[in-house]
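From first to last, the protein sequence lines stand for chains A and B.
Residue 14 is where the first sequence starts when you use our numbering, and the numbers rise one by one after that.
Residue 14 is where the second sequence starts when you use our numbering, and the numbers rise one by one after that.
This report refers to the structure that appears directly beneath it.
There are 2 protein chains.
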Amino acid sequence: MTDPAAAKPTSESRSVRKRRAILDAATEVFLTEGFAGASMDAIATAAGVSKPTVYNHFADKQQLFEQIVNDLVAVITQPFYEQIVNLSDDGDLAKRLRELATLLLKGVMQPTNLRLRRLVIGEASRFPDLGRAYEQHGPARAIAAWTTAFKRLANEGLLRLHDPALAAEHFQSLVLTTPLNHAMFTGDDRPPGAPQLKRYTDSAVDVFLAAYRNT
Amino acid sequence: MTDPAAAKPTSESRSVRKRRAILDAATEVFLTEGFAGASMDAIATAAGVSKPTVYNHFADKQQLFEQIVNDLVAVITQPFYEQIVNLSDDGDLAKRLRELATLLLKGVMQPTNLRLRRLVIGEASRFPDLGRAYEQHGPARAIAAWTTAFKRLANEGLLRLHDPALAAEHFQSLVLTTPLNHAMFTGDDRPPGAPQLKRYTDSAVDVFLAAYRNT
Numbered sequence: 014m015t016d017p018a019a020a021k022p023t024s025e026s027r028s029v030r031k032r033r034a035i036l037d038a039a040t041e042v043f044l045t046e047g048f049a050g051a052s053m054d055a056i057a058t059a060a061g062v063s064k065p066t067v068y069n070h071f072a073d074k075q076q077l078f079e080q081i082v083n084d085l086v087a088v089i090t091q092p093f094y095e096q097i098v099n100l101s102d103d104g105d106l107a108k109r110l111r112e113l114a115t116l117l118l119k120g121v122m123q124p125t126n127l128r129l130r131r132l133v134i135g136e137a138s139r140f141p142d143l144g145r146a147y148e149q150h151g152p153a154r155a156i157a158a159w160t161t162a163f164k165r166l167a168n169e170g171l172l173r174l175h176d177p178a179l180a181a182e183h184f185q186s187l188v189l190t191t192p193l194n195h196a197m198f199t200g201d202d203r204p205p206g207a208p209q210l211k212r213y214t215d216s217a218v219d220v221f222l223a224a225y226r227n228t
Numbered sequence: 014m015t016d017p018a019a020a021k022p023t024s025e026s027r028s029v030r031k032r033r034a035i036l037d038a039a040t041e042v043f044l045t046e047g048f049a050g051a052s053m054d055a056i057a058t059a060a061g062v063s064k065p066t067v068y069n070h071f072a073d074k075q076q077l078f079e080q081i082v083n084d085l086v087a088v089i090t091q092p093f094y095e096q097i098v099n100l101s102d103d104g105d106l107a108k109r110l111r112e113l114a115t116l117l118l119k120g121v122m123q124p125t126n127l128r129l130r131r132l133v134i135g136e137a138s139r140f141p142d143l144g145r146a147y148e149q150h151g152p153a154r155a156i157a158a159w160t161t162a163f164k165r166l167a168n169e170g171l172l173r174l175h176d177p178a179l180a181a182e183h184f185q186s187l188v189l190t191t192p193l194n195h196a197m198f199t200g201d202d203r204p205p206g207a208p209q210l211k212r213y214t215d216s217a218v219d220v221f222l223a224a225y226r227n228t
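What follows is the structure, encoded as structure tokens:
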């Protein structure tokens, strides 16, 4: 017979595994069926759990969806979010910006993110909360990180700007817009090749620094 | 009894009216039901014509959809597409760019365009031809117009650039991305107010000219 004190971690890790299975299954069901078309029944079946188990973990479809968006953004930005916030001039600001822009663009162009982004945009008229959740957890968080960094670089006299948030929007727009919009319209989820990445990130950094570097 | 020679124009204008009615009805049906959900039956009913009449005008749903995109883009860009292509320095290039950027942003932020853009993005994985049609008739045409203009301004020594198409992408990204993405995610189709328009267009032109003006 199992010691009740020792059983708890096992039970907890089973719960964690089930939660993970539900989230993975729900991602596929949402991306295949759309938000309206995805039923909690289908999600439970795909996850190999009962419907009450799904509801034990998530109050409703909306909460489940927001958790997926949150997790995905964590995977995409966690590795370098801190690097953006702590961006400092080590003697070659342009190089550092190019490195971070490349990480950002590669992260954003991951197939699951592209598919999820299309989904929330396609559903935004009917389910604006999905799109707001995506915007808030995704693009807005990256903008906030750049804003923090640019504000500090301006205080240090390296950048010249009066609206750090607007400068952050400009930088992100310059880096991401062309490849991201093209993927949105064509449904092509293949990541851009190295020469394309370089074309977008190098030129974005050049334009940004021409406008905002303190000379 | 009607003179047969005189009857033709009447018949033609009736055909034009029917075509117009089909396009208007189809726009609403597509935007409400999605591309997959919209049936030629529903479109015929909404237009008050028979299904064979719909097929007399449009070979299939795809062709009908492309015509809608084409018409919409014509409405949005026709008024100033020529102005972009013929952009010239009348002594205040920044002012001229701000005027054109404002027209472009206002055009793009029209509710029907926002709804159609969400639709094609949402369907791009399943129906990539819709998104390609939208991209080709819409953003790519505007980029082509800016490219023509920037190439000429560079030849005249006013801009300094080695890749006019990339400069055109940068300009369009700076002007449109923030308000357009926000509308995409939130489903909010209200046009931005004058102060917001001014914030985006003024700053976009400042950044663009800082990077590309020949000083």
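A virtual CB, placed ideally from N, CA and C, is assigned to each residue, including glycine.
Expected contact under 8 Å - CB spacing of residue i and residue j to nearest Å
| i | j | result |
| --- | --- | --- |
| A/A38 | A/L77 | Not confirmed; about 10 Å, so no contact. |
| A/F93 | A/L116 | 5 Å |
| B/H150 | A/V220 | That belief does not hold up - the Cβ atoms of B/H150 and A/V220 are roughly 27 Å apart, past 8 Å. |
| B/A217 | B/L187 | 4 Å |
| A/R128 | A/L193 | Wrong, their Cβ atoms sit about 13 Å apart, outside the cutoff. |
| A/G144 | B/F198 | 4 Å |
Sequence-distant residues of its chain with Cβ nearer than 7 Å to residue i (five each side left out)
| i | result |
| --- | --- |
| B/A162 | I97, V98 and L100 |
| B/T56 | According to the sequence as given, residue 56 of chain B is Ile; it is not Thr. Answer for B/I56: I35, A38, A39, V42 and V67, listed in chain order. |
| A/A20 | In this prediction, A/A20 scores a pLDDT of 49, lower than 50, which makes its location untrustworthy; the coordinate-derived value is nonetheless stated afterwards. No residues qualify anywhere along the chain. |
| B/A181 | I156, W159, T160 and F163 |
| A/L172 | F163, L166, Y225, R226 and N227 |
| A/T90 | G120, R154 and A155 |
| B/G170 | N227 |
| A/R212 | none |
| B/D54 | K64 |
Residue i - DSSP class collapsed to helix/strand/coil
| i | result |
| --- | --- |
| B/R203 | coil |
| B/L174 | coil |
| B/T15 | Low confidence applies here, because B/T15 scores a pLDDT of 48, under 50, leaving its location unreliable; read the following figure in that light. In this structure, B/T15 counts as coil in the three-state DSSP scheme. |
| B/R226 | strand |
| A/M197 | helix |
| B/M122 | coil |
| B/N99 | coil |
| A/G151 | coil |
| A/A20 | In this prediction, A/A20 has a pLDDT of 49, which is less than 50 and means its spatial position is unreliable; what the coordinates show is noted afterwards. In this structure, A/A20 counts as helix in the three-state DSSP scheme. |
| A/F184 | helix |
| B/R139 | coil |
| A/Y68 | helix |
| B/D105 | coil |
| A/D73 | coil |
| B/A60 | helix |
| A/E169 | coil |
| B/K211 | helix |
| A/S246 | A question about residue 246 of chain A goes unanswered here, because the residues of chain A that appear run from 14 up to 228. |
| A/A51 | coil |
Cβ neighbours of residue i in the same chain (closer than 8 Å, five flanking residues each side left out)
| i | result |
| --- | --- |
| B/K31 | A60, V62, T66 and H70 |
| B/A215 | The question names Ala, yet the displayed sequence has Asp at residue 215 of chain B. Closer than 8 Å at the Cβ level, and outside the excluded window around B/D215, lie R111. |
| A/D202 | P124, L127, R128 and A196 |
| B/D102 | R109, L166, E169 and L171 |
| B/M122 | P192, L193, A196, P204 and P205 |
6 Å CB neighbourhood of residue i in its chain, flanking five on each side removed
| i | result |
| --- | --- |
| B/L82 | The sequence given here has Val at residue 82 of chain B, not Leu. Cβ within range, chain order: A146, Y147 and H150. |
| A/G200 | none |
Residue-chain proximity (residue i, chain E), Cβ-Cβ < 7 Å
| i | result |
| --- | --- |
| A/L110 | No chain E is part of this structure, whose protein chains are labelled A and B. |
The segment 146-161 of chain A in contact with the segment 206-226 of chain A per 3-pair CB rule at 8 Å: The segment 146-161 of chain A, when compared against the segment 206-226 of chain A, does not touch it at the 8 Å Cβ threshold.
Using a Cβ cut-off of 9 Å, which residues of the segment 131-145 of chain B contact any Cβ in chain A, in chain order? Answer set for the segment 131-145 of chain B: R131, L132, V133, I134, G135, E136, A137, S138, R139, F140, P141, L143, G144 and R145.
With a threshold of 8 Å, are at least 3 pairs of Cβ atoms found where one atom belongs to the segment 132-143 of chain B and the other to the segment 126-134 of chain A? These segments touch.
Quick check: the segment 106-123 of chain B against the segment 170-190 of chain A, are at least 3 beta-carbon pairs closer than 8 Å? No, they do not touch.
Residues of the segment 165-194 of chain B in Cβ contact with chain A at a cutoff of 7 Å, in chain order, please. Those would be L179, E182, H183, S186, L187, T190, T191 and N194, in chain order.
May I ask you to list, following chain order, the residues of the segment 198-214 of chain B that have a beta carbon less than 7 Å from some beta carbon of chain A? Listed by position along the chain: F198, T199 and G200.
Taking a Cβ distance cut-off of 7 Å, strictly less, list which residues of the segment 36-53 of chain A are near chain B, in chain order. For the segment 36-53 of chain A, the set of positions with a beta-carbon nearer than 7 Å to some beta-carbon of chain B is empty.
Return the residues of the segment 145-157 of chain B that lie within a Cβ-Cβ distance of less than 7 Å from chain A, sorted by chain order. Within the segment 145-157 of chain B, the residues whose Cβ lies closer than 7 Å to some Cβ of chain A are R145, Y147, E148 and P152, listed in chain order.
Within 9 Å of chain A by C-beta, residues of the segment 215-228 of chain B in sequence order: If the cut-off is 9 Å between Cβ atoms, the segment 215-228 of chain B has S216, A217, D219, V220, F221, L222, A223, A224 and Y225 near chain A.
At a CB distance below 7 Å, what residues from the segment 117-131 of chain B approach chain A? Give them in sequence order. Against chain A - using a Cβ distance shorter than 7 Å - the residues of the segment 117-131 of chain B are R128 and R131.
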